[in-house]
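One structure below.
Protein chains: 2
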Amino acid sequence: MSIDLELTPKTKRPAGERCCQPVVYPDVQREHAARMASVAKALGDPIRLQLVDVLRLHAGKVCVCELVPLFDLSQSTISHHLKVLRQAGIVGSERQGLWAYYYVRPDALQELSAWLS
Amino acid sequence: MSIDLELTPKTKRPAGERCCQPVVYPDVQREHAARMASVAKALGDPIRLQLVDVLRLHAGKVCVCELVPLFDLSQSTISHHLKVLRQAGIVGSERQGLWAYYYVRPDALQELSAWLS
DNA sequence: GAATAGCATTGACGTCTATCAACTAAATCG
DNA sequence: CGATTTAGTTGATAGACGTCAATGCTATTC
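Going down the list, the sequences are from chains E and L.
Numbered according to this note's numbering, the first sequence spans residues 74 to 190.
Numbered according to this note's numbering, the second sequence spans residues 74 to 190.
What follows is the structure in structure tokens.
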């Protein structure tokens, strides 16, 4: 993620001259940022963040039927949030008969977590 | 953030009976989640995440005029993203003459960072 | 004082998002 | 088989979001 940026002293530039040097911007960094941003975006909703929190606290798998009554939202909305988390790679799911069990994929959070600290 | 949740064995409930126990949901946790989610939401855009990254790498303060050419976006869009980061408490700004300097408020990321690890 | 550079704000536009009600699909029980 | 339960999907809707062009504001230079 390192972006090479020169810090230059500031003077008002003399009419028509560029303010700053253009900076190269490798694609690797951009993709790295895009991956982490997509994880952060998925966590950027209080309901989803709490869902992840519950799943993390119960190291094992948690049934959707136990997640729904935690929130004052319709079942379909919870299902939607779980889908968002699934598509972000943050959680996985497993079907057992009538019930669906969700769990956290710990690796998914690692990259963002490492960058944050 | 601990939510007390009983994991019970699953059997199809006999018509009209509740599937799961209602669970209490303290406000403190909700507010904690809301704070962290708002930070995550602000980081949930690749441009903003890269802005924060640049500011973190340059431990000091960075001029907006050096941030704008890093991205293929209009100056007003960058200004908008910086405002979002400012309102999330992630960055601060300081005016010096014609120039505005931005910096990361390290404490702002700490709560989310701690939760993630 | 006039012109201009740097940055923020406003307005507009298309897209995405969170939510619910209604419906669908699969599995279970009687 | 038929009724019921669970969970995912679809459609609709109101609001939020990302982006740009245009404008406004303050500080600087001449």
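All C-beta atoms in this analysis are idealised placements derived from N, C-alpha and C, irrespective of residue type, glycine included.
Model, not experiment: these values are computed from the prediction.
Can you list, in chain order, the residues of its chain whose CB lies under 7 Å from that of residue i, leaving out five sequence neighbours each side?
i: Phe144(E); result: Ile120 and Ile151
i: Arg178(E); result: Gly162, Ile163, Val164 and Gly165
i: Gly117(E); result: none
Which chain L residues sit within Cβ distance under 8 Å of residue i?
i: Ser186(E); result: Ser186, Leu189 and Ser190
i: Leu182(E); result: Leu189
Would you mind telling me which residues of chain E sit closer than 8 Å to residue i, beta carbon to beta carbon, in chain order?
i: Arg155(L); result: Note on identity: in this sequence residue 155(L) is Leu, with Arg being the wrong assignment. Those within 8 Å of Leu155(L) in chain E number zero; the least Cβ separation is about 15 Å.
i: Leu146(L); result: In chain order: nothing, as chain E lies at least about 12 Å away.
Between which two residues does the alpha helix (DSSP H) carrying residue i extend?
i: Ser186(E); result: Pro179 to Leu189
Excluding five sequence neighbours on each side, which residues of the same chain lie with their C-beta closer than 6 Å to the C-beta of residue i?
i: Ala181(E); result: Gly162 and Ile163
i: Gln148(E); result: Val141
i: Leu130(L); result: none
i: Val67(E); result: Missing from the structure shown is residue 67(E); chain E here goes from 74 to 190 and no further.
i: Arg168(L); result: none
i: Gly133(L); result: none
Looking only at its own chain, which residues have a Cβ that is under 8 Å from the Cβ of residue i, when we skip the five neighbours before and after it?
i: Leu155(E); result: Leu124, Val137, Leu140, Val164, Ser166 and Tyr175
i: Val135(L); result: Val127, Leu128, Tyr174, Tyr175 and Tyr176
i: Met109(E); result: Glu184, Leu185 and Trp188
i: His153(L); result: none
i: Gly170(L); result: none
i: Ser111(E); result: Ala161
i: Leu122(L); result: Leu116
i: Trp172(E); result: Cys136, Val137 and Cys138
i: Ala113(L); result: Leu185
Can you tell me where the beta strand (DSSP E) with residue i in it begins and where it stops?
i: Gly246(L); result: The structure shown does not extend to residue 246(L), since chain L is modelled only from 74 through 190, so no value can be given for it.
Open item on the list: Against chain E, which members of the region 106-121 of chain L pass a CB distance test of less than 7 Å?
Closed with: Taking 7 Å as the Cβ-Cβ cut-off against chain E, the residues of the region 106-121 of chain L that qualify are Ala106, Ala107, Met109, Ala110, Ala113, Lys114, Leu116, Gly117, Asp118 and Pro119.
Open item on the list: To test your reading of the DSSP string, which unbroken alpha helix (DSSP H) runs of 4 or more residues are found completely within the region 107-156 of chain E?
Closed with: Annotation: the region 107-156 of chain E contains the following complete segments of the alpha helix (DSSP H) (minimum length 4 residues), in chain order: 119-130 and 137-140.
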